[in-house]
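A quick write-up on the structure given underneath.
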Ligand code: HMG
Ligand code: MG
């Protein structure tokens, strides 16, 4: 069994983790969350979203957060769905954006207010202008395994939409199991289908949500297929406000624990991330859903 020697963890806690929380987290707490995650050795921390503030009120303070981060914030990726979002990111001198498309018609309508094909009319000028301005663009594709309204999503449909998004000019394509229904064999088939369609695994990342407790098994399957970038969220926070039944992401701590056990280099200080998640759980008023955070956090009293 050949596994990669080194993996990049793409931290999404401040964005995917907080976008779905009921408690509005103050901007200064978000800033400290981001700083602590970076200080714990996470090489990439997706900071916030420049989406419509009424669609995701939790991240309506995106500009305030990025301004407070100053120079350090310019290298952190942010979600941008359209040209208006890009303008807001450019005003702040940000250098990395991520667009987010849907593999299904229904979720495109729910999440982006447009159909599957129409989403490309929004992304095309956004990516073109971002690239002309020298920005790096990541592309997400959601509902890669199943969709709460449409059921199982055919692999060919995911490959077709994913490649189309990547070919707009992205440097990486993140395959999202938005509602966490994927299983290990399905992961292997999907990655294989992308490779058969000409994608190199270095350009792919996996984005697992842990709704059915499959995220680590799915990660292991993807490692065996040669994937070296994994999205994860500190403490296992996360979910999508526009996807019924989406729960937390793969927890960064759970991922770090498994990678360490496999002898795969990741560069992250586990204790520092656990302490950060325990601190954030205090702000959110609920315990972290991560098994590793719970195991490593002594009960109060
Ligand atoms: P829309 O209403 O169709 O927008 O929303 P529009 O283009 O018709 O514009 C309407 C008004 O909104 C205009 O203002 C625009 O300027 C304004 P008006 O002229 O009426 O005064 N507007 C904006 N304002 C601020 N920032 C913007 C922006 N865009 C338009 N960026 C839109 C379309 C895409 C904006 C909306 O649907 C939206 O914001 N959606 C975001 C939903 C979201 O953030 N979902 C969660 C992230 S995706 C996810 O979690 C999945 C992922 O984790 C992977 C996985 O798990 O699979 C990535
Ligand atoms: Mg997600």
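Residue numbers (our numbering): -16 to 284.
Note that beta-carbon positions come from the ideal geometry of N, C-alpha and C, so glycine has one too.
As the structure is a computational prediction, the values presented were derived from the model and not from experiment.
Inter-residue spacing [alpha-carbon to alpha-carbon] between residue i and residue j
i, j, result
"residue 12", "residue 262", "10 Å"
"residue 193", "residue 232", "6 Å"
"residue 211", "residue 223", "24 Å"
"residue 196", "residue 163", "8 Å"
"residue 146", "residue 157", "11 Å"
"residue 25", "residue 34", "24 Å"
"residue 5", "residue 40", "10 Å"
"residue 214", "residue 188", "7 Å"
"residue 310", "residue 166", "A query on residue 310 cannot be resolved here, the shown segment of the chain reaching from -16 to 284 and no further."
"residue 15", "residue -3", "10 Å"
"residue 229", "residue 161", "6 Å"
"residue 8", "residue 85", "27 Å"
"residue 155", "residue 277", "32 Å"
Residues that DSSP places opposite residue i in a beta bridge
i, result
"residue 50", "The partner list for residue 50 (beta bridge, DSSP) is empty, contrary to what the question assumes."
"residue 285", "Since the first residue of the chain shown is -16 and the last is 284, residue 285 is not available in this structure."
"residue 287", "Only positions -16 to 284 of the chain appear in the structure, and residue 287 is not among them; the question remains open."
"residue 208", "According to DSSP, residue 208 bridges with nothing at all."
"residue 20", "Partner(s): none; residue 20 has no beta bridge."
"residue -6", "28, 215"
"residue 81", "62, 121"
"residue -11", "248"
Nonlocal neighbours in the same chain, by C-beta distance under 8 Å from residue i, ignoring five residues either side
i, result
"residue 295", "As shown, the chain starts at -16 and ends at 284. That puts residue 295 outside it, with no answer to give."
"residue 98", "88, 91, 92"
"residue -16", "207"
"residue 22", "255"
Same chain only: Cβ atoms within 6 Å of residue i, ignoring 5 sequence neighbours per side
i, result
"residue 273", "218, 219, 234, 236, 237"
"residue 10", "44, 47, 48"
"residue 209", "184"
"residue 36", "43"
"residue 27", "-7"
"residue 3", "222, 224"
"residue 31", "-2, 42, 45, 48, 61"
"residue 17", "-3, 28, 30"
Residue i beta carbon near ligand 3 (any heavy atom closer than 7 Å)
i, result
"residue 232", "As for ligand 3, it is missing from this structure, which binds only ligand 1 and ligand 2."
Same chain, Cβ closer than 7 Å to residue i, neighbours up to 5 away in sequence not counted
i, result
"residue 57", "76, 77, 78"
"residue 138", "172, 173, 176"
"residue 80", "60, 61, 63, 69, 72, 113, 118, 120"
"residue 65", "105, 109"
Cβ contact (3+ pairs, closer than 8 Å) linking the stretch 101 to 116 and the stretch 63 to 70: Contact annotation: the stretch 101 to 116 touches the stretch 63 to 70, with at least three C-beta pairs closer than 8 Å.
Meets three-Cβ-pair contact criterion under 8 Å: the stretch 87 to 98 and the stretch 122 to 141: yes
Meets three-Cβ-pair contact criterion under 8 Å: the stretch -13 to 2 and the stretch 240 to 249: yes
Start-end ranges of the beta strand (DSSP E) lying completely within the stretch 83 to 168, minimum 3 residues: Fully enclosed beta strand (DSSP E) runs of 3 or longer: 119 to 125, 155 to 160.
Runs of alpha helix (DSSP H) wholly within the stretch 217 to 279 (minimum 4 residues, chain order): 235 to 245, 253 to 267, 274 to 279
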